[in-house]
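Q: Position 118 of the sequence shown, counted from 1, bears residue number 254 in the numbering used here, the numbering being contiguous throughout.
Glycine included, each C-beta is placed from N, C-alpha and C at the ideal position.
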Amino acid sequence: MEYDSSVASSRPAENSLEVYFALLEWMKTHNGSLHEDVYISHDDTRGTYIRVKSNGVSSNTHIIKTPLATTMSYYNAIDRDTGNIHFSNHDVKFSSQFMESVGPEEVAIFFLIGQYLRGGAGFWHPYIRTLPQPGSLTTLPYYNEDEDIEWLEGTSLVQARKQKIALLRDKYESSYSELEKSGFQDASKYSWDLYLWASTIFVSRAFSAKVLSGVIPEFEVPEENISVLLPFIDILNHRPLAKVEWRAGTENVDFVVLEDVSGEQEIANNYGPRNNEQLMMNYGFCLANNPCDYRTVGLRTPPGSPLHFAREQQKQLFPDSNNDDEDPFYVFNIFYPLLAPNTPMEHSIFSPALFNAVSVLAANQRELETLEISEHAIQIAKAYGNSRTALAAISQIIIELITHIVRLKSTDPEAKQPCNLKQTHAKIYRDSQITLSESALVIAAWSLQRTRRHGLRGGWEETKHLLSQHMSRIPQGKFPEPVQSRIQVRILERPSILLNSGELFTFNELLDLLPASEERNAAQECFKSILSITSRRIEALRGMDESASPFRFPLFACFVMAVHTTNRHKHNDSTESGKTGESQSFLPPRLSRWASFLLDHYLPPPGDVAWALEDEDDESLVSEFDEIIEKLRERKAQLFETLEPYTGGWNGDADTWWLSPNWVRWAWMMTEQECVQVPDDPLALLGPGDGDAGGNVMLSTETCLYIPQE
137 MEYDSSVASS RPAENSLEVY FALLEWMKTH NGSLHEDVYI SHDDTRGTYI RVKSNGVSSN
197 THIIKTPLAT TMSYYNAIDR DTGNIHFSNH DVKFSSQFME SVGPEEVAIF FLIGQYLRGG
257 AGFWHPYIRT LPQPGSLTTL PYYNEDEDIE WLEGTSLVQA RKQKIALLRD KYESSYSELE
317 KSGFQDASKY SWDLYLWAST IFVSRAFSAK VLSGVIPEFE VPEENISVLL PFIDILNHRP
377 LAKVEWRAGT ENVDFVVLED VSGEQEIANN YGPRNNEQLM MNYGFCLANN PCDYRTVGLR
437 TPPGSPLHFA REQQKQLFPD SNNDDEDPFY VFNIFYPLLA PNTPMEHSIF SPALFNAVSV
497 LAANQRELET LEISEHAIQI AKAYGNSRTA LAAISQIIIE LITHIVRLKS TDPEAKQPCN
557 LKQTHAKIYR DSQITLSESA LVIAAWSLQR TRRHGLRGGW EETKHLLSQH MSRIPQGKFP
617 EPVQSRIQVR ILERPSILLN SGELFTFNEL LDLLPASEER NAAQECFKSI LSITSRRIEA
677 LRGMDESASP FRFPLFACFV MAVHTTNRHK HNDSTESGKT GESQSFLPPR LSRWASFLLD
737 HYLPPPGDVA WALEDEDDES LVSEFDEIIE KLRERKAQLF ETLEPYTGGW NGDADTWWLS
797 PNWVRWAWMM TEQECVQVPD DPLALLGPGD GDAGGNVMLS TETCLYIPQE
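1. Where do the N-terminal and C-terminal ends of the beta strand (DSSP E) with Y185 fall, by residue?
2. Is it buried or exposed for F223, if we count other Cβ within 10 angstroms and need 16 for buried?
3. Are the CB atoms of F338 and T202 nearer to each other than 9 Å?
4. Taking a contact to mean a Cβ-Cβ separation below 9 Å, would you say F615 touches F692 in this structure?
5. For the ligand MN, any of its heavy atoms closer than 8 Å to the Cβ of W730?
6. Can you find at least 3 beta carbon pairs, one from the region 186-198 and one from the region 340-347, that sit closer than 8 Å?
7. Can the beta-carbon of V699 be found less than 9 Å from the beta-carbon of L735?
8. Please classify S637 as buried or exposed, where buried requires at least 16 neighbouring CB atoms within 10 angstroms.
9. Looking at T386: is its Cβ nearer than 9 Å to the Cβ of G350?
10. Please report the straight-line C-alpha distance between R375 and A476, rounded to a whole angstrom.
11. With a 10 Å radius around its C-beta and 16 neighbouring C-beta atoms as the bar for buried, classify L399 as buried or exposed.
12. Need the endpoints of the alpha helix (DSSP H) that L577 sits in, please.
13. Work out the CA separation of G408 and F157 for me, nearest whole Å.
14. At the level of alpha carbons, what is the spacing between I765 and A820?
15. Taking the beta carbon of F355 as the centre, do at least 16 other beta carbons fall within 10 Å, making it buried, or is it exposed?
16. Quick check on S145: buried or exposed, where buried means 16 or more other Cβ atoms within 10 Å of its Cβ?
17. Could you check where the alpha helix (DSSP H) with S310 kicks off and where it finishes?
18. Beta-carbon within less than 6 Å of W730's beta-carbon, same chain only, minus the 5 sequence neighbours each way: which residues are those?
19. Report buried or exposed for G219, applying the criterion of at least 16 other Cβ atoms within 10 angstroms of its Cβ.
20. I514 bridges to which residues according to DSSP?
21. Using a 10 Å radius around the Cβ and a threshold of 16 neighbouring Cβ atoms, would you call E402 buried or exposed?
22. Would you check if the region 295-314 and the region 580-591 touch, i.e. whether three or more CB-CB distances between them fall below 8 Å?
23. If we ignore side chains and look at the alpha-carbon of each, how far apart do E161 and D180 end up?
24. With burial defined as no fewer than 16 other Cβ atoms inside 10 Å of the residue's Cβ, what is the status of K558: buried or exposed?
25. Mind checking N388: buried by the 16 CB within 10 Å criterion, or exposed?
26. In angstroms with no decimal places, state the Cα-to-Cα distance between D390 and S169.
27. Look at the Cβ atom of W786, then the Cβ atom of W794, and state whether they are nearer than 9 Å.
28. Taking only three categories from DSSP, how would you classify I199?
29. Rounded to whole angstroms, what is the Cα-Cα separation between C840 and E645?
30. State yes or no: is the C-beta of S575 within less than 9 Å of the C-beta of A528?
31. Quick one: using the 10 Å Cβ neighbour count with 16 as the cut-off for buried, is G420 buried or exposed?
32. Rank T165, S327 and S177 by C-alpha distance to the C-alpha of E865 and give the top, closest one.
33. If you reduce the DSSP assignment to three classes, tell me which class A213 lands in.
34. Do R297 and Y279 have their C-beta atoms closer together than 9 Å?
35. In chain order, what residues of the same chain lie with their CB nearer than 7 Å to the CB of Q553, ignoring the 5 residues before and after it?
36. With a threshold of 6 Å on Cβ separation, who are the neighbours of F689 within its own chain once the five nearest residues in sequence on each side are excluded?
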C-alpha cells in the first residue's frame, strides 16, 4: 500500500502527539469523537496518522466524528446561522464590502489568516497548531532555493510553479487592496507569506462544501467556490483507491470506512484519483508507485490545421457541450485502474483524445475526407486504408515519449542525492515520470513492431512468442518485476486498435508482395538498375544506398499502377472463368485492391498536360530522374522489354508509358502522403547509459510505405 508522507509536507510547529491529543479533547468538548478501536500514532515515514488496534475494524465503521461547529469555511466568515448550527466568526469580522468584492474563496483564506493571528486566544487554536506552519510546506510555491528548483528542471512543474505563484500573487494583491479599502484595522498583518500559507492549507486540506449539506441545502452551496476545513479528519494520509466516505449530518461530519481494515493497519483517506503532478501541485508530495498516475501531454492544436477547424466545427455543432474544458491528452500509468472494460490496449495507455488528436494531425487529405465529428470525439473513421493514421500516431507518440525520457534524464542533478523533503519528493516525481514513459514506450513499440511484421497468423502461441522476443529487449532489472509483468498483461489482455499486421514496408520488403515469378525477378532487376544508376548520376543522391533513394517508393508505385491498369481486365477474365493459374502473372488481390483504391483517391495524371511539383527542389530532382530514365530507354532497352508483358508498352510516347514524367510525379506525390516515418529501434533507449545526463541519443526514423491489408 502506498501512502503520502504527509509528515513531510504537514509537520506542525509543535511536533509531538500531545497537540493531536489536545485537538481530540477539544473536539470531544463539542461532541466529536474518535472510534474506540483506533488510536493516534506517529512514525518518521508517515508522520501522525490513525492506526487500527489489534482487533481491526469492519466496513461501515464511523472512525471520526468532526462536529460541524468546529469546521471552518466561508460560512464562518459571514457568521451563518442555519438554526441547527451557528457557524460563528469567532471574533474575526470582515466588512460586507470586502467579502462581496473578493468572493467566498478569498474570504475563507483571509479568515484563516485572521484566526491564525489570534494565536492562543483563537477558537481554532487547538486545530491550527496541528497544521503545517508558515514556511514549512512543500508545495511548489515553496520551492524557492536554486538547489530545490534544480530537481524540477526538465519537468512540467517548472512552468506550473511559475504560473501558480503568479496567479496567487495577483489574487493576493487584489484581495489585500480590497481589505485596505474596507478600512480593516489590522490589514498590514495579512502578509503575502501568510496568504500563501493559508491558500495552501485550503487547497491541500479542505473538503467539498457538500460535507455541510446536512444543514445547508445543496442548492445554496456553490461547490466550486466554497471549501471546508474538517479538523482531525484532515490528518489522515492519502491512499489511492481507499474505500471511504465523508457523510454529512446535522451535527457532525463522519469519516466512514467502506472496507474492513485489519489490526495495526493505517486508516487512510482518499483524495480521489490524483496523479503525481496534482499531488505535487496541491499537496506537496507524490507517490513512488501511484496506481492513479498519468502524465498530461502538452499537445498544441496548430492554428489553421485540420484539427483546429474540426474543433471549431464541433463547438458549432454542439454548443452546449463542455468541450471547452482542458483536453484530456494523457499517458496513463500501466496500473491505472479507472478504465472501461473494453478499452483497447493503446487507449489504456494513451487516452482516446490524445490518440485521435495525433491521428488527425498526421492524417493526409484522403483520410481527412473521412473525418468524423461527434459531441465527444473527433476521429478518423475506421475504414480500409485508414489504419495508416493510427500507425503514424503511434510513431509520433513514440517520438514524444523518447523526447520526454531524454529530457528528464539529461536534466537530472548529476551525482546528487536529495538533501531535504522537497528534493526527495521532486526526485520521486522525476523517477515516476521516467518509469511511466518508459513502460508506455514498451507498449507503443510493441504495437508498432506487430505492424512491421509480415506473415503473422495472429495465433495465441505466435503472439506469446513474439511478445517474449519483444520483452527480451528490455535490459534485466530495468523495471521491477510487477511492472514488467503488468506490461505483458496489458498487451495480452486487451485487443489492439490495429487489427492487421504487416501494413508497413521498407523498399526491400515490397517485392515480397509479388508472387515468386519471372515478373518479380524482372521487376527487381529493373528497380535495382534504375536506383543504382540514379544514385550515381544525380549529385544530390551520390553515396546514398539504393534502399534509401527517394525514388524507391515512386518507382514501385508506378510499376504496380502500370501492371494493374494494363492487366486488370485479364485478371478479371481469368477470375471469372476460374482459371486461377493465369492470374499468377498479374498482381495479387492485395495489390490490385490497393491500386484501385489509390486511383480512386489520387486522380491519374493527364496525358496532354505536363505536371510539375510545387516544391522547387523536388521538381529539380525529379527532372534529373526524367532525363536519366529517358536515356535508359534508349541505351538499356532490355530493362523495360522484359516487363512489357506486365506493364504494357514502353518505347512509344514518352508522356504515356509507366515511367512517364507525369506518372513519376503522380507516384512521388502519392507516396509522400501514404508513407509513415517510423522510429528506428525505440527500445534501444532503454539500454544502459542511453538518455542519461551527458549521454547522446540519436533518434533516427525509417520511411515505410503503407499498404493496407484487405
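A: Put simply:
1. G183 to V188
2. buried
3. no
4. no
5. Although the ligand MN was asked about, the structure shown includes no ligands whatsoever.
6. The region 186-198, when compared against the region 340-347, does not touch it at the 8 Å Cβ threshold.
7. no
8. Taking all protein chains shown into account, S637 has 16 or more neighbouring C-beta atoms within 10 Å of its C-beta and is therefore buried.
9. Taking 9 Å as the Cβ cut-off, T386 and G350 qualify as a contacting pair.
10. 22 Å
11. At residue 399 the sequence reads Gly, which differs from the Leu that was named. Under this definition G399 is an exposed residue.
12. L557 to R588
13. 28 Å
14. 40 Å
15. exposed
16. Because the pLDDT at S145 is just 41, under 50, the model does not fix this residue reliably, and the value given afterwards should be weighed accordingly. It is buried - the Cβ of S145 has at least 16 other Cβ atoms within 10 Å.
17. L293 to K317
18. I843
19. exposed
20. I509
21. buried
22. no
23. Near 24 Å, if we compare the C-alpha coordinates of D180 and E161.
24. K558 comes out buried.
25. buried
26. 10 Å
27. yes
28. strand
29. 10 Å
30. No, the Cβ-Cβ distance between S575 and A528 is not below 9 Å.
31. buried
32. Because the chain in this structure spans residues 137 to 846, residue 865 falls outside the shown range and cannot be described.
33. helix
34. yes
35. none
36. T807 and L841
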